[in-house]
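S.K.: Before we start, here is the structure in question, set down as C-alpha cells.
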Amino acid sequence: MVWKQAFRLRAAAARVGQFGQAKKWQHAVALLHALKVPPDLRFLGAVLVAVERGSAWQYAAELLAESVRRRWELDAVAYGTVALSLERSSQRRFSTQLLQSLAVTDATHKAFNVALLGAALQRGRELMLLMQRQRVAPDIVSYNSLINICDREHQWSQSLQLLALMRRRYLAPNLVSFGSAISACAKGAQWPRSLILMEQLRRQCLQPNFVVLSACMDACASGRQWIHALRLMQSSGVSPNLAMFNTLLHGLAANSQWLQVLEMFKLLQVQSGDDGVLQVAYCAVLVACATSTQWSQALNFLQRMRLASLPIQLPAGRLEMGVTYRNKKTA
Numbered sequence: 003m004v005w006k007q008a009f010r011l012r013a014a015a016a017r018v019g020q021f022g023q024a025k026k027w028q029h030a031v032a033l034l035h036a037l038k039v040p041p042d043l044r045f046l047g048a049v050l051v052a053v054e055r056g057s058a059w060q061y062a063a064e065l066l067a068e069s070v071r072r073r074w075e076l077d078a079v080a081y082g083t084v085a086l087s088l089e090r091s092s093q094r095r096f097s098t099q100l101l102q103s104l105a106v107t108d109a110t111h112k113a114f115n116v117a118l119l120g121a122a123l124q125r126g127r128e129l130m131l132l133m134q135r136q137r138v139a140p141d142i143v144s145y146n147s148l149i150n151i152c153d154r155e156h157q158w159s160q161s162l163q164l165l166a167l168m169r170r171r172y173l174a175p176n177l178v179s180f181g182s183a184i185s186a187c188a189k190g191a192q193w194p195r196s197l198i199l200m201e202q203l204r205r206q207c208l209q210p211n212f213v214v215l216s217a218c219m220d221a222c223a224s225g226r227q228w229i230h231a232l233r234l235m236q237s238s239g240v241s242p243n244l245a246m247f248n249t250l251l252h253g254l255a256a257n258s259q260w261l262q263v264l265e266m267f268k269l270l271q272v273q274s275g276d277d278g279v280l281q282v283a284y285c286a287v288l289v290a291c292a293t294s295t296q297w298s299q300a301l302n303f304l305q306r307m308r309l310a311s312l313p314i315q316l317p318a319g320r321l322e323m324g325v326t327y328r329n330k331k332t333a
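Shown next, in the form of C-alpha cells:
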C-alpha cells in the first residue's frame, strides 16, 4: 500500500511539473488540494516551483505557511523557491525575512543559492553578505550565480573580482565560473582578459567545453582578433560548430588573412561534406584571396567550385578584375 501511494505521488508530481512548465500554477494547486494524503517533498517542491513560475508570490508565501502549520516535509530548496518567488516579484524585504528565519544547517546555503537566481547584481551581493552574517558559507554555486549575474549585466571587472575572491576563500573556480567570466569579458570587449582566463582554466587542468570556447571566441571576434580566435579553436580540443566556422571564415576573409582561410578550409573539408557549408567556405576563400590580390589562388578555387557544381556568390566585378590582372601578367 505504501509503495502504491508513493507511486501515485510521483506520477502526480510529474503532472505538476508539466503544469509548472506551462505556467498553469492554479492547476498544480488544484492537484495539491485534491490529494487525500499529505504531499511528500518531491510533490510539494514541484507545486512551489509551479507557483513561482506563475509569479504568484503571495500564494507561494501562503503555501509555505500552510506547509509549516501542517508539518509537511520541507527542505532548504523549498524555502529557497519561495524566496526566489519573492525576489522576482520585488518583495525583497519579505525574502530577507524568510532567509533570516532559517535555522543554519549544512543545507541552508541551498536556499540562498536558489534565491540568487532571481537577483540583480547589487541584490546578489546583499544576499551574499546576509549569508555571511547568518554564518552560512557561500559555496561554488553561490559564487557562480553571482558571476553569471555579472555576465548578464556586462560587469566584466566584477566577475574577475569574484574569481579572485573565490580563490581567497579556497574555492577553485570551475568551468561554469570561467565560462561566465569569459562571457562577461567578451561583452565588455575585453578579449585579452578572456584569453588570460582561458589560460588559467587550462592551468587548473580543466578542459574547455563548447560553451567556454564559444564565449572566448566571441571575445576575440568582438576585438577583431581573428588569428587568436583561430588558434584558440585549433588548440581547444573541442569540435567547433558550423556557426563558429562561418564567423571565423568571414572574419579572416574580410581582413585579407587568406593563408589562415585556406587552413580553415582544409579543416572544414575534413569535418563536413555538406554542399551548403562548403559553398560558404569556398566563397570565403575567394573573398580572402581577392582582397589579398592572390588571383591565381582565387581562380584555382573558382574552378574547383565549378567542378563541384557549387553556385558562385561573389561580386562579379572583383573576379573579373582578378582575371584581367592574371591575363596581363601571363600575356
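Just so we're aligned: the sequence shown equals residues 3 to 333 in the working numbering. The C-beta atom is built at its ideal place from N, Cα and C for all residues, glycine as well. The model shown is predicted, which means the values in this text are computed figures rather than measured ones.
Can you name, in chain order, every residue of its own chain whose Cβ lies under 8 angstroms from the Cβ of L148, other than the five neighbours on each side?
M.R.: In the sequence shown, residue 148 corresponds to position 146, counting from 1. Cβ within range, chain order: L118, L123, G126, R127, M130 and L164.
S.K.: Measuring straight from C-alpha to C-alpha, what distance separates V51 and Y61?
M.R.: Walking along the sequence shown from the start, residue 51 turns up at place 49. Walking along the sequence shown from the start, residue 61 turns up at place 59. When only Cα atoms are considered, V51 and Y61 end up about 12 angstroms apart.
S.K.: How many Å lie between Q236 and I151 at the Cα?
M.R.: For the purposes of this step, residue 236 is taken as residue 234 along the sequence shown, with counting starting at 1. For the purposes of this step, residue 151 is taken as residue 149 along the sequence shown, with counting starting at 1. Cα to Cα, Q236 sits roughly 30 angstroms from I151.
S.K.: Would a C-beta distance cut-off of 9 angstroms place L250 and M200 closer than the cut-off?
M.R.: Taking the first residue of the sequence shown as position 1, residue 250 is located at position 248. Taking the first residue of the sequence shown as position 1, residue 200 is located at position 198. No. Outside cutoff.
S.K.: Between the Cα of M168 and the Cα atoms of N146, H156 and E155, which residue gives the shortest distance?
M.R.: What you label residue 168 is simply residue 166 of the sequence shown in a count that begins at 1. Checked all of N146, H156 and E155; the closest Cα to M168 is N146.
S.K.: Since P194 is in the alpha helix (DSSP H), which residue starts that stretch and which ends it?
M.R.: Indexing the sequence shown from 1 puts residue 194 at position 192. Residues W193 to R205.
S.K.: Along the alpha helix (DSSP H) that carries H35, what are the first and last residues, could you check?
M.R.: Along the sequence shown, one-based indexing puts residue 35 at 33. Counting along the chain, the alpha helix (DSSP H) containing H35 begins and ends at W27 to H35.
S.K.: Would you say R205 lies against chain B (beta-carbon separation less than 9 angstroms)?
M.R.: In summary, chain B is missing from the structure at hand, where a single protein chain is found.
S.K.: Can you tell me whether R12 is buried or exposed? The criterion is at least 16 other CB atoms within 10 Å of its CB, across all chains shown.
M.R.: Translated into the one-based positions of the sequence shown, residue 12 becomes position 10. With fewer than 16 Cβ atoms within 10 Å of its Cβ, R12 is classed as exposed.
S.K.: Apart from the five residues on each side of it in sequence, which residues of its chain come closer than 8 angstroms, Cβ to Cβ, to L76?
M.R.: Translated into positions along the sequence shown, residue 76 becomes position 74. Excluding sequence positions up to five before and after L76, its CB lies within less than 8 angstroms of the CB of L43, L46, L66, S69 and V70, all in the same chain and listed in chain order.
S.K.: Could you give the C-beta distance for E54 and L86, rounded to a whole number, given that I count them as a contact under 8 angstroms?
M.R.: Counted from its first residue, the sequence shown places residue 54 at position 52. Counted from its first residue, the sequence shown places residue 86 at position 84. Confirmed, about 6 angstroms.
S.K.: Using three-state DSSP, classify W74 as helix, strand or coil.
M.R.: In the sequence shown, counting from the first residue as 1, residue 74 sits at position 72. Coil, per DSSP.
S.K.: Leaving out five residues before and five after K189 in sequence, what residues of the same chain have Cβ atoms less than 6 angstroms from its Cβ?
M.R.: Along the sequence shown, one-based indexing puts residue 189 at 187. Here the set comprises H156.
S.K.: Do you know how far the Cα of A30 is from the Cα of R17?
M.R.: Position 15 of the sequence shown, counted from the start, is the residue given in the question as residue 17. Position 28 of the sequence shown, counted from the start, is the residue given in the question as residue 30. Using only the alpha carbons, I get a separation of about 8 angstroms.
S.K.: In this structure, how does DSSP classify Y61 when only helix, strand and coil are distinguished?
M.R.: To locate residue 61, count along the sequence shown from 1; it is residue 59. It is helical.
S.K.: When you compare each of I142, R73, Q262 and W158 to S196 by their alpha carbons, which one comes out closest?
M.R.: Position 194 of the sequence shown, counted from the first residue, corresponds to residue 196. Taking only the C-alpha atoms, the option nearest S196 is W158.
S.K.: Tell me which residue opens and which closes the alpha helix (DSSP H) that K112 is part of.
M.R.: Taking the first residue of the sequence shown as position 1, residue 112 is located at position 110. Note, K112: alpha helix (DSSP H), T110 to L118.
S.K.: Look at the alpha carbon of Q134 and the alpha carbon of S238, and state the distance between them as a whole number of angstroms.
M.R.: As a position in the sequence shown, residue 134 is number 132, starting the count at 1. As a position in the sequence shown, residue 238 is number 236, starting the count at 1. Computed Cα separation, rounded: 38 angstroms.
S.K.: How about Q340 and V287: are their beta carbons less than 9 angstroms apart?
M.R.: There is simply no residue 340 to check, as the chain begins at 3 and stops at 333 in what is shown.
S.K.: Please look up how many angstroms separate the CB atoms of V178 and Q136, rounded, as I've assumed it's under 8 angstroms.
M.R.: Here the question's residue 178 lines up with position 176 in the sequence shown. Here the question's residue 136 lines up with position 134 in the sequence shown. Not quite, the Cβ-Cβ distance comes to about 24 angstroms (not below 8 angstroms), so this is no contact.
S.K.: If you draw a straight line from the alpha carbon of G56 to that of T83, how long is it in whole angstroms?
M.R.: As a first step, residue 56 must be located in the sequence shown, where it is residue number 54. As a first step, residue 83 must be located in the sequence shown, where it is residue number 81. In a straight line, the C-alpha of G56 is about 12 angstroms away from that of T83.
S.K.: Please report the Cβ distance between A221 and I184, rounded to the nearest whole angstrom; I am assuming they are in contact, meaning their Cβ atoms lie under 8 angstroms.
M.R.: Here the question's residue 221 lines up with position 219 in the sequence shown. Here the question's residue 184 lines up with position 182 in the sequence shown. Contact flag correct, Cβ pair sits at about 6 angstroms.
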